[in-house]
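What follows is one structure encoded as structure tokens, with my remarks underneath.
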Amino acid sequence: MFKQNIGPGLCIDETSLSCGELYTVVTNRAGRGGRGTLVTMIRGTKSEDVIKVLEMIHLSKRKTVKEVTLDFSPTMMRIVRTAFPNATMTNGRFHVQKLFYEAIDELRITYLRMARDLEDDEIQRCREQNIAYVPFRYTNGDTRKQLLARAKHVLVKHFSKWTDFQRIRAEIIFEH
1 MFKQNIGPGL CIDETSLSCG ELYTVVTNRA GRGGRGTLVT MIRGTKSEDV
51 IKVLEMIHLS KRKTVKEVTL DFSPTMMRIV RTAFPNATMT NGRFHVQKLF
101 YEAIDELRIT YLRMARDLED DEIQRCREQN IAYVPFRYTN GDTRKQLLAR
151 AKHVLVKHFS KWTDFQRIRA EIIFEH
């Protein structure tokens with residue numbers, strides 16, 4: 001434990017170092033990964049165990065912590081509330097982005113399923129009328145299913161990094 005590394009802004013996270021063993025790591029954000037960053041590394045993620053170790057740091061020192069960045073884990077939130085009573089909890093950007101990407105992908109998959117159902121209905125109607133099925137195509141040549149299947153990265157990538165094909169695909173998606 002490096003008590004001297006405590007500062008007003010900390011991060012707490014879990015990591016797996018060897019053979020799947022989990023550790024709780026508390027770092028000082030101001031250290032930016034260099035010397036003076038590590039506050040403590042504790043084997044395990046059970047809140048009671050982590051709190052017990054953090055309480056070895058004098059309360060007055062722990063009260064100087066103003067903000068702790070963490071994931072959405074209730075265990076980590078409990079640790080922060082107990083060990084750093086004056087700290088505000090901030091969810092890490094990585095975790096927020098991950099939830100955002102998952103939500104966007106869930107919507108994309110829902111629309112992809114709807115496109116499959118629509119295509120199945122169109123195919124069935126063509127069979128009943130004894131005519132050849134020709135799928136609907138957008139101006140870029142993609143069918144509904146192809147557009148949605150190929151749009152995964154377009155929807156989560158910054159527009160400045162789109163290729164020409166991705167830009168066209170995005171325009172079609174946002175128009176329809």
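Under UniProt numbering, the first residue of the sequence shown is numbered 1, with each subsequent residue one higher. Note that beta-carbon positions come from the ideal geometry of N, C-alpha and C, so glycine has one too.
Classify residue i: buried if its beta carbon has 16 or more other beta carbons within 10 angstroms, exposed otherwise.
i, result
"Ile131", "exposed"
"Asp120", "exposed"
"Asp142", "buried"
"Asn140", "exposed"
"Asn86", "exposed"
"Thr88", "exposed"
"Val96", "exposed"
"Arg62", "buried"
"Ile123", "exposed"
"Leu99", "exposed"
"Leu147", "buried"
"Asn91", "exposed"
"Phe159", "exposed"
"Phe84", "buried"
How would you write the range of the alpha helix (DSSP H) that residue i sits in, first residue to last?
i, result
"Asn11", "It should be pointed out that residue 11 corresponds to Cys in this sequence rather than to Asn. Here Cys11 belongs to no alpha helix (DSSP H); instead the beta strand (DSSP E) covers Gly9 to Ser16."
"Met114", "Arg93 to Glu128"
"Ile168", "Asp164 to Glu175"
"Ile42", "Ile42 -> not in any alpha helix (DSSP H); beta strand (DSSP E) instead, spanning Leu38 to Arg43."
"Glu48", "Ser47 to Leu54"
"Ser60", "Leu59 to Arg62"
Hey, quick one: how far does the beta strand (DSSP E) through residue i stretch, first residue to last?
i, result
"Met76", "Run containing Met76: none in the beta strand (DSSP E); it sits in the alpha helix (DSSP H), Pro74 to Ala83."
"Val26", "Leu22 to Asn28"
"Val68", "Glu67 to Leu70"
Using a Cβ-Cβ cut-off of 6 Å (strictly less than) and excluding sequence neighbours within five positions of residue i, which residues of its own chain qualify?
i, result
"Cys126", "Tyr133"
"Gly31", "Thr37"
"Pro24", "Reading the sequence as shown, one finds Thr at residue 24 and not Pro. If we look at Thr24 and ignore the five residues flanking it on each side, its Cβ neighbours are Glu14, Ile42, Thr45 and Val50."
"Ser16", "Leu22"
"Gln4", "none"
Excluding sequence positions up to five away, which residues of its chain have a Cβ less than 7 Å from the Cβ of residue i?
i, result
"Arg137", "Thr143"
"Lys145", "Leu112, Ala115, Arg116 and Glu119"
Among residues of its own chain, excluding the 5 on either side of residue i, which ones have a beta-carbon nearer than 8 Å to its beta-carbon?
i, result
"Phe165", "Asn140"
"Trp162", "Val154 and Ala170"
Check: Is the region 103-119 close to the region 29-46, with three or more CB pairs under 8 Å?
Finding: no
Check: Are the region 93-107 and the region 42-60 touching by the rule of at least three beta carbon pairs closer than 8 Å?
Finding: no
Next item on the list: Mind the definition here: the region 9-20 touches the region 50-69 only if three or more C-beta pairs lie below 8 Å; say whether that holds.
Entry: yes
Checklist line | Cβ contact check for the region 70-82 and the region 47-61: 3 or more pairs under 8 Å | finding: yes
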